[in-house]
Amino acid sequence: ILDDSGALRIRNKVNKEIISVITADFDDDGLDELVLGTNDSIYFLDIASNISYECKTDGSIKTVLATTLEKKSELEIFASDGDRIYEIAGNGSLLKRYELNQSISRIYLKDLDNDGVKELIVSSDNVVSVYGFEIERKEADNKLAKRYYDKACLYLSTGYPENASFYAEKALAIYSKLNDSENVYRCRELLQRIENEIRKEAQATTTTSTTTTTSTTLKAQPTVLKDYGTVIIIIAIIPALIGTFLVLRRREKIIDYREIVNLSIKDAKSRIMKIKNPDHDKDP
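What follows is the structure, encoded as structure tokens:
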């Protein structure tokens, strides 16, 4: 399969002779699935999840169609191997096999009488035949519910529990409407398994988040210890600064006292000189 630029996107080896190819969105996820008609089967490939499955046939598939029999029904596959026609569900399970006892060149489905149900148009060498389908509402609902249930199981097994829950709920709603107690029980059991799986994923996510938070807290602790060390150093320095200040103040007082003593001695000498010589302070 190539992308828009022509580059290879997906390579899937089928190991069969591929005769016809169509695409259609069977699971309503907005992405088409690939359907291959091979020499002995109808081969389905889900491009989004790379899941594949096949439906065995009795001969080489020459024609493949994807269509609905009714407006509100699900997409189905109609395929022909030249002798018979196969009606296949979107999950690859065989629904019906039609033996027409005639050579089949091409098949078409079209609502020719506007009754809401398509007719099967078959062309052979020189004959065109039209066949009608007897569709019962209950049968169609059962097929639809089974398809949803199978899709839910598939998503659960491949690690998509949210998608599985979506389809399981849809299957449960249909089976409940049909009063099918056995399948209602199966759907509820499946939903319980899905809920357990979602809970496990949530617990794993919570555990990872807690581990990350603990690691961050442990890394922050050395910074807190550094802050306490700074406070301790400051507390130790303050008394030293106060002591230094007091010593300096004491020295300043000692210097003041010495200056007073010196001045007193000088003044005494001046007084003695004045007594001895009254003219000592007078200018010459």
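In terms of our numbering, the sequence shown opens at residue 3 and continues consecutively. Every residue, glycine too, gets a C-beta built ideally from N, C-alpha and C.
In this structure Leu122 is in contact with Leu111, their Cβ atoms being roughly 6 Å apart against a cut-off of 8 Å.
Ser131 is bridged by DSSP to Val124. Here Tyr162 carries a coil assignment [DSSP, helix/strand/coil].
Going by beta carbons, Glu76 and Thr69 fall outside the 8 Å limit.
Of the candidates Val186, Val119, Tyr133, Val186 places its Cα closest to the Cα of Tyr150. Judged by DSSP secondary structure, Glu76 falls outside any beta strand (DSSP E); it is assigned neither H nor E.
Per the Cβ contact rule, the region 35-47 is not in contact with the region 100-111 (fewer than 3 Cβ pairs under 8 Å). For the pair Leu33 and Asp27, the Cα-to-Cα distance works out to about 6 Å.
Ile44 is a Cβ neighbour of Ile79, given a cutoff of 8 Å.
DSSP places Asp48 within a strand segment (E or B) once states are collapsed to three. Spanning the alpha carbons of Ala166 and Asp127 requires a straight line of approximately 46 Å. For Gly32, no beta strand (DSSP E) run applies, since DSSP gives it neither H nor E.
In the structure shown, Val16 falls within a coil segment according to DSSP collapsed to helix, strand and coil. According to the DSSP secondary-structure assignment, Val23 is paired through a beta bridge with Leu38.
Ala91 carries a strand assignment under DSSP once its states are collapsed to helix, strand and coil. Distance between Leu36 and Lys179, taken at the CA atoms: about 32 Å. Looking at the DSSP output, Tyr55 shares a beta bridge with Phe46. Cβ neighbours of Val132 within its own chain (closer than 6 Å, five residues either side excluded): Glu121, Ile123. Residue pairing of Val66 in beta bridges, as defined by DSSP: Ala81.
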